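K.L.:
Pasting a structure here, questions to come.
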Amino acid sequence: MQHFRSKAPNCLTSFLRTLALILALVVLSDHTTAEVRTPAVIGDGMVLQRERANPIWGWAAPDEKVTVNFADSTVETTADKNGRWKVLLPALKANHTGRTLSVRGSGGSSLELHDVLVGEVWLFTGPSNIYWPVERCDNAKEAISAADLPEIRFFTTPKRLSDTPEADCKGSWTACSPKTVGKVSGVAYFFSRRIHHDLDVPIGALQSFWGGSRCESWTSVEAVEKEPALAPVVDWWNKEIAEFDADAAAKENRRALARWKREAQEAKKVGKRAPKKPAAIENPAKSRHRPGQLFNGMISPLIPFGMRGAVTYQGLGNLFWAEHSVPLMATMFRDWRERWGLGDFPIGMIQPAPFPCDGWASQHPDAYALQREAQLLLLDRLPNLGLATTMDIGDLTDVHFRNKQEVGRRMALWALEEVYGRPAGYGGPIYESMAVEGDSIRIRFKHTAKGLKTRDGKAPTDFTVAGQEGRFFPARARIDGDTVVVKSEKVARPVSARFAWTDVAIPNLINSEGLPASIFRTDFPR
Numbered sequence: 175m176q177h178f179r180s181k182a183p184n185c186l187t188s189f190l191r192t193l194a195l196i197l198a199l200v201v202l203s204d205h206t207t208a209e210v211r212t213p214a215v216i217g218d219g220m221v222l223q224r225e226r227a228n229p230i231w232g233w234a235a236p237d238e239k240v241t242v243n244f245a246d247s248t249v250e251t252t253a254d255k256n257g258r259w260k261v262l263l264p265a266l267k268a269n270h271t272g273r274t275l276s277v278r279g280s281g282g283s284s285l286e287l288h289d290v291l292v293g294e295v296w297l298f299t300g301p302s303n304i305y306w307p308v309e310r311c312d313n314a315k316e317a318i319s320a321a322d323l324p325e326i327r328f329f330t331t332p333k334r335l336s337d338t339p340e341a342d343c344k345g346s347w348t349a350c351s352p353k354t355v356g357k358v359s360g361v362a363y364f365f366s367r368r369i370h371h372d373l374d375v376p377i378g379a380l381q382s383f384w385g386g387s388r389c390e391s392w393t394s395v396e397a398v399e400k401e402p403a404l405a406p407v408v409d410w411w412n413k414e415i416a417e418f419d420a421d422a423a424a425k426e427n428r429r430a431l432a433r434w435k436r437e438a439q440e441a442k443k444v445g446k447r448a449p450k451k452p453a454a455i456e457n458p459a460k461s462r463h464r465p466g467q468l469f470n471g472m473i474s475p476l477i478p479f480g481m482r483g484a485v486t487y488q489g490l491g492n493l494f495w496a497e498h499s500v501p502l503m504a505t506m507f508r509d510w511r512e513r514w515g516l517g518d519f520p521i522g523m524i525q526p527a528p529f530p531c532d533g534w535a536s537q538h539p540d541a542y543a544l545q546r547e548a549q550l551l552l553l554d555r556l557p558n559l560g561l562a563t564t565m566d567i568g569d570l571t572d573v574h575f576r577n578k579q580e581v582g583r584r585m586a587l588w589a590l591e592e593v594y595g596r597p598a599g600y601g602g603p604i605y606e607s608m609a610v611e612g613d614s615i616r617i618r619f620k621h622t623a624k625g626l627k628t629r630d631g632k633a634p635t636d637f638t639v640a641g642q643e644g645r646f647f648p649a650r651a652r653i654d655g656d657t658v659v660v661k662s663e664k665v666a667r668p669v670s671a672r673f674a675w676t677d678v679a680i681p682n683l684i685n686s687e688g689l690p691a692s693i694f695r696t697d698f699p700r
């Protein structure tokens, strides 16, 4: 019987070689003709920052030439070896008519972004109170029905945690209308509405929110670790992550859930309200509070989009590190400014409103006062910051107070006067200095407008004074021009004073513009 050697192996080898060549050519073809693209924030309906060069960036094939055209300006560049490219569009004046921005690659691909406006762009970021949507604010029905303002545009970054800085995110620009405004930030909308009205320019609002979030998470890991004053924060997180026991946490979560179910059933039997369901113990490595997590996932994708400034609200989550509030916020602001490369751009801070904080995690009995005081201290330590006081508009029964119209208005007053140079009468009275006068202390304020007064016409409330021993007693106060004189029969020789130094104080001291005085203490070394 004659035997023949099979030709299959040679055929198979030839086939595989041919297939590999085809695949290589396909990969090479894809590599050299990659579609030019931009991140989500650079998209249809966006608002570019007026009177400032605007970065436009994206991806293409490595070494591909990219041409960007907008408003009679043409700018060219070449993608780097990783396919990343960026150009700067020349500064433009505000424009109310949407125009097309085109991007073309030398490989033949192109894209067009339509209905692009030029105006003022602001970033709004923080926890739930700055996110609180229009549909859940006071007088929501009226606000929504009147929101036919298509020149106000919103871009919202989805919630995302990340261990490394993200280059892009999902999302798209949305024009303001009665159909869309209900879901956007009340603070962002009411701020933008006022600026749009007064300046008559389009407004772009970048929104990035996560309820209960802390400063360290909105800041890059590098910035947090580099700041010596934040070493306790870094050490705490490292220890929490290193010592976390996933099995023990899972067992405790099951036990806590079982206890809650039993307690809920018992409450139901007797007609009582069920207790709050316990929060599960989470892996600290995956926590939204961990340094850098929200910066990486929700701020980094927006950098370096052109903007005027930012508005931030830091809420009760920051009570945990209240004693470190000054370096935490200062580091966050410096980090944003450095990474955006816009110099000391304006940053507006919203003051947390009075609220009983007993149920929130903290490490200091005066945590809420310290946190709010830190904002005032930063006004003197960093340039170009503003503060919207809220001592009179909170809700002691609801941390998510609903009068976001007034918050947005007050923040806009600061921007109009300090950023845009238009007299607006912003800012409530802020402590400036004190002088002991016998058995009294005279307190001088900034931002008194045409004088101090009280909201109810009565004597100023919520002042205390202390002698050398440091024990504070309630004080009687009277207004004298731009100052307040305070004294207590229990303190013969006062040396320091405090104002509204509690979680829940709602004082009545205001200026002639009706804006409330802010919390302070004179016994802090400035």
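If you count the sequence shown from 1, you need to add 174 to reach the numbering used here. Ideal Cβ placement from N, Cα and C applies to all residues, glycine included. Small disclaimer: the values here were computed from a predicted structure and weren't measured.
Answer with buried or exposed for N313, where buried requires no fewer than 16 other C-beta atoms within 10 angstroms of its C-beta.
P.N.:
exposed
K.L.:
Kindly list the residues whose CB is nearer than 6 Å to the CB of S302, restricted to its own chain and excluding five residues on each side of it in sequence; keep chain order.
P.N.:
Cβ-Cβ distances below 6 Å link S302 to G385 in the same chain, with the five nearest sequence neighbours on each side left out; the list follows chain order.
K.L.:
Have a look at A527 and V375 and give me their C-alpha separation to the nearest angstrom.
P.N.:
31 Å
K.L.:
If you drop the 5 nearest sequence neighbours on each side, which residues of the same chain put their C-beta closer than 6 Å to that of R618?
P.N.:
E606, S607, T657
K.L.:
Which partner residues does I524 have in the DSSP bridge list?
P.N.:
Y487, A562
K.L.:
List the whole-angstrom C-beta distance separating G217 from L287, where the pair is believed to meet the contact cut-off of C-beta under 8 Å.
P.N.:
6 Å
K.L.:
Check the C-beta distance from A691 over to T638 and give it rounded, since I have them as a contact under 8 Å.
P.N.:
So it is not a contact: roughly 14 Å between Cβ atoms.
K.L.:
Who are the near neighbours of R464 in its chain, counting only those whose CB is closer than 7 Å to its CB and skipping five residues on each side?
P.N.:
S391, W411, P458
K.L.:
Give me, in chain order, the residues of the same chain whose beta-carbon lies closer than 7 Å to that of S536; leave out the 5 immediate sequence neighbours on both sides.
P.N.:
L493, F494, A496
K.L.:
Report yes if the C-beta distance between I524 and L476 is below 9 Å; otherwise report no.
P.N.:
no
K.L.:
Checking 9 Å against the spacing of the C-beta atoms, do V485 and V361 come in under that value?
P.N.:
yes
K.L.:
Whether or not the region 326-334 and the region 587-599 are in contact is what I'm after, with contact meaning three or more pairs of Cβ atoms, one per stretch, closer than 8 Å; do they touch?
P.N.:
No: fewer than three Cβ pairs fall under 8 Å.
K.L.:
Write down every uninterrupted run of the alpha helix (DSSP H) in the region 404-488 whose length is 4 residues or greater and which is fully enclosed by it, in chain order.
P.N.:
Along the length of the region 404-488, whole alpha helix (DSSP H) runs at least 4 residues long occupy 405-417, 420-443, reported in chain order.
K.L.:
Give me the residue from A651, K578, A633 with the minimum Cα distance to P118.
P.N.:
The requested residue 118 is not part of the displayed model; the chain covers only 175 to 700.
K.L.:
Determine the DSSP secondary structure at T206, reduced to helix, strand or coil.
P.N.:
Low per-residue confidence applies at T206: pLDDT is 45, beneath 50, and the placement is therefore not dependable enough to give any value.
K.L.:
To the nearest angstrom, how far is it from the Cα of T241 to the Cα of F479?
P.N.:
Approximately 18 Å between the Cα atoms of the pair.
K.L.:
Name the DSSP bridge partner or partners of K260?
P.N.:
K260 is bridged by DSSP to W231.
K.L.:
Under 6 Å Cβ to Cβ from A136, same chain only, skipping five residues before and after it: list those, please.
P.N.:
Any property of residue 136 remains undetermined from this structure, which presents the chain solely from 175 to 700.
K.L.:
Less than 6 Å between C-beta atoms, sequence neighbours within five positions excluded: which residues of the same chain meet that for T274?
P.N.:
E286, H288
K.L.:
Using beta-carbon positions only, say whether C389 and S461 come within less than 9 Å of one another.
P.N.:
no
K.L.:
One question on the structure: do N685 and K624 come within less than 9 Å of each other, judged by their Cβ atoms?
P.N.:
With respect to K624, N685 sits close: the two C-beta atoms are nearer than 9 Å.
K.L.:
Given P406, which residues of its chain have a CB within under 6 Å of its CB, disregarding the five upstream and five downstream residues?
P.N.:
none
K.L.:
Assign H270 to buried or exposed, taking buried as 16 or more other Cβ atoms, counted over all protein chains shown, within 10 Å of its Cβ.
P.N.:
exposed
K.L.:
CB I304 to CB F383, shorter than 9 Å?
P.N.:
yes
K.L.:
In the DSSP assignment, find the unbroken alpha helix (DSSP H) run with H371 in it and report its ends.
P.N.:
Counting along the chain, the alpha helix (DSSP H) containing H371 begins and ends at 360-373.
K.L.:
Grab the span of the alpha helix (DSSP H) containing Q579 for me, first residue to last.
P.N.:
578-588
K.L.:
Any heavy atom of the ligand HEM within a distance shorter than 8 Å of the CB on D312?
P.N.:
You won't find the ligand HEM in this model; it holds no ligand whatsoever.
K.L.:
Quick check on R650: does DSSP put it in helix, strand or coil?
P.N.:
In this structure, R650 counts as strand in the three-state DSSP scheme.
K.L.:
I'd like the span of the beta strand (DSSP E) that includes L626, first residue to last.
P.N.:
626-628
K.L.:
Does DSSP put F529 in a helix, in a strand, or in coil?
P.N.:
coil
K.L.:
Quick one: Cα of T563 to Cα of R334, how far?
P.N.:
30 Å
K.L.:
Do you know whose CA, among R652, W675, I680, R645, lies nearest K664's CA?
P.N.:
The option with the nearest alpha carbon to K664 is R645.
K.L.:
What's the gap between the Cα of N340 and the Cα of G445?
P.N.:
The displayed chain sequence assigns Glu, not Asn, to residue 340. Their Cα atoms are separated by approximately 50 Å.
K.L.:
Cα separation between K260 and A423?
P.N.:
46 Å
K.L.:
State the Cα-Cα distance for the pair P402 and A666, rounded to the nearest angstrom.
P.N.:
Straight-line Cα distance between these residues: approximately 42 Å.
K.L.:
What are the boundary residues of the beta strand (DSSP E) that includes Q381?
P.N.:
377-383
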